[in-house]
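There are 2 protein chains.
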Amino acid sequence: MKRGDAMKLYDFSLAPNSRRVRVFLAEKGIDTPLVSVNTRENEHFSDWFREKNSACTVLELNDGTCISESVAICRYFEEVQPEPALFGTGATERALVEMWNRRAELEGQQAVAQIIRNSAPMFKDRALAGVRGVPQIPALIERGKASLCRFFETIDQRLGETRYLAGESFSIADITAFVAIGFAGRVEIGVPNSCANANRWFADVSARLSAEA
Amino acid sequence: MKRGDAMKLYDFSLAPNSRRVRVFLAEKGIDTPLVSVNTRENEHFSDWFREKNSACTVLELNDGTCISESVAICRYFEEVQPEPALFGTGATERALVEMWNRRAELEGQQAVAQIIRNSAPMFKDRALAGVRGVPQIPALIERGKASLCRFFETIDQRLGETRYLAGESFSIADITAFVAIGFAGRVEIGVPNSCANANRWFADVSARLSAEA
């Protein structure tokens, strides 16, 4: 790993985790050099990328430190540029952002990933991100769909009480849920019409400039 | 939900997520009233608990706000009592704690949960925490075991470079990994002897007073 280079973000253009970081940076108004990693050509399994010790979106700092995990990368930028606050302010709000961001990821995004990774022919024997030789388990498609249905109901109920997931302020929890739902669109699943609150919120978030990131 | 009561933590004594919070509080030296929820008797599916809008460990604040998700609860306490810092200090360290805590959870704890939830007779039709009517998928047992093997190798490599997972300071990432490995002990899986660095770290963390929480 070369040290002393400028900070750069290794970006998988089609990966929802990379998109989460791009939307987050757009909300912050931060411009960071992107290095595109071509997953279709398995570039993420190449030696030069594996040296960065990660299977996913990576931020390489000036001193060569590599930070992977999209939320960890967002946390870094929140610390170096606190405004606008996307992880909440104050103990209760920060805890609620953490709670809703995790729900959006564990109940929303992971469910979508489970459906796609265990059904799409391109992920045959790659049913887990960043690992080779993991066979698909078709039973996970139905389990994922049921989880996603529960997730839509959960956020619909919550968004009947608050404007955004963690409360009245837009946060990383909205970014995670928004990107997860965009990802679900690839298998033609969307927020059901019956979830009026979630649909109102989705239209609201979709109208933000950052949605194009 | 009654409002105006004192803060309390609803605790599932056998659940690894509850244990993560107990160890975290022990490290902080914080004493919070615990209300035990009896999962063996399905008390977590009861109406009074469901009103708190969660399927897992919950912190109820004085004003009635309920925070679920163990990391969100820990985050709340980190904000109200920053010392000792268990989420890191400074942008890079906080990002590294986030990164390693997530890896410990997504690659370690979730793998153990996958093995146990899809094999133990007591979780028949309850293969996901907090949800009824989710059948077990036996193929996930092997997938979980393979993930856990990769996790042991990942942390062993890391712990050859640093004293603790996120660097030289003990953090919530160590708590998550430590609790996950304790949880794996229930199905008689432990850190392999070949992982000398991980074993050195595990003995170190096991010797802390908080390990008994």
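Chains A and B, in that order, give the protein sequences. Last residue of the first sequence: 217 (the numbering used here), numbering continuous. Last residue of the second sequence: 217 (the numbering used here), numbering continuous. Each residue gets a CB set at the ideal place from its N, CA and C atoms; glycine is no exception.
Notebook entry, point to check: Going along the region 180–202 of chain A in order, which residues come within less than 9 Å of chain B, judged by CB to CB distance?
Noted result: none
Check: Under a CB-based cut-off of 7 Å, is glutamate 102 of chain B close to chain A?
Finding: yes
Note to self: Tell me which residues share the same chain as asparagine 203 of chain A and place their Cβ nearer than 6 Å to its Cβ, disregarding the 5 neighbours each side in the sequence.
What the structure shows: Val195
Item checked: Where cysteine 60 of chain A sits in the DSSP three-state scheme -> coil
Check: Taking DSSP as the reference, what is the three-state secondary structure of lysine 149 of chain A?
Finding: helix
Next item on the list: Assign glycine 189 of chain A to one of three DSSP states: helix, strand, or coil.
Entry: helix
Check: Buried or exposed: where does alanine 200 of chain B fall if 16 or more other Cβ atoms within 10 Å of its Cβ makes it buried?
Finding: exposed
Item checked: Whether phenylalanine 81 of chain A touches lysine 32 of chain A by CB criterion (7 Å) -> yes
Checklist line | Helix, strand or coil at leucine 29 of chain A according to DSSP, with G and I counted as helix | finding: helix
Notebook entry, point to check: Does the ligand SAM have even one heavy atom less than 6 Å from the beta-carbon of serine 123 of chain B?
Noted result: The ligand content of the structure shown is nil, which means the ligand SAM is not present either.
Note to self: Below 8 Å on C-beta distance, what does serine 72 of chain A contact in chain B?
What the structure shows: Met103
Margin query: Quick check: what's the CA-CA separation for glutamine 161 of chain A versus isoleucine 193 of chain A?
Written below: 19 Å
Notebook entry, point to check: Secondary structure at glycine 94 of chain B, three-state DSSP: helix, strand or coil?
Noted result: coil
Notebook entry, point to check: What span of residues does the beta strand (DSSP E) with serine 74 of chain A cover, start to end?
Noted result: Serine 74 of chain A -> not in any beta strand (DSSP E); alpha helix (DSSP H) instead, spanning 74–84.
Notebook entry, point to check: Can you tell me whether proline 37 of chain A is buried or exposed, with buried defined as 16 or more other CB within 10 angstroms of its CB?
Noted result: exposed
Item checked: Under the three-state DSSP convention, the category leucine 169 of chain B falls into -> coil
Margin query: Mapping the DSSP letters down to three states, classify valine 183 of chain B as helix, strand or coil.
Written below: helix
Item checked: Own chain partners of valine 183 of chain B with C-beta closer than 6 Å, once the 5 adjacent residues on each side are dropped -> Pro20, Arg23, Arg24
Item checked: Alpha-carbon spacing of phenylalanine 49 of chain A relative to isoleucine 176 of chain A, whole angstroms -> 29 Å
Notebook entry, point to check: When the distance is taken between beta carbons, is glutamate 83 of chain A closer than 7 Å to alanine 76 of chain B?
Noted result: no
Notebook entry, point to check: Is it the case that the Cβ atoms of glutamine 140 of chain A and alanine 150 of chain A are separated by a distance below 7 Å?
Noted result: no
Notebook entry, point to check: Which two residues bound the contiguous alpha helix (DSSP H) that contains serine 210 of chain B?
Noted result: 200–210
Notebook entry, point to check: What did DSSP end up calling aspartate 129 of chain B once you bin it into helix, strand or coil?
Noted result: coil
Item checked: Straight-line gap, arginine 167 of chain B to phenylalanine 206 of chain B (C-alpha atoms, nearest Å) -> 11 Å
Notebook entry, point to check: Where phenylalanine 174 of chain A and isoleucine 119 of chain A are concerned, what is the direct C-alpha to C-alpha distance, given to the nearest angstrom?
Noted result: 28 Å
Notebook entry, point to check: Hey, would you say alanine 30 of chain B sits closer than 7 Å to tryptophan 104 of chain B, going by beta carbons?
Noted result: no
Check: Quick one: does isoleucine 275 of chain A have its CB under 7 Å from some CB of chain B?
Finding: Coverage of chain A is limited to positions 5 through 217, which leaves residue 275 of chain A absent and any answer about it impossible.
Notebook entry, point to check: Given a threshold of 16 other Cβ atoms within 10 Å of its Cβ, counted over all protein chains shown, does isoleucine 179 of chain B qualify as buried or as exposed?
Noted result: buried
Check: Alpha carbon to alpha carbon, how far is asparagine 46 of chain B from glutamate 97 of chain A?
Finding: 30 Å
Note to self: Measuring straight from C-alpha to C-alpha, what distance separates alanine 215 of chain B and isoleucine 34 of chain B?
What the structure shows: 15 Å
Next item on the list: Drop a sphere of 10 angstroms on the beta-carbon of arginine 79 of chain A, count the other beta-carbons inside from all chains shown, and report buried for 16 or more, exposed for fewer.
Entry: buried
Next item on the list: Decide if valine 27 of chain A is buried, meaning its Cβ has at least 16 other Cβ atoms within 10 Å, or exposed.
Entry: buried
Check: Start and end of the beta strand (DSSP E) containing proline 39 of chain B?
Finding: Per the sequence shown, residue 39 of chain B should be read as valine rather than proline. Here the beta strand (DSSP E) through valine 39 of chain B covers 38–40.
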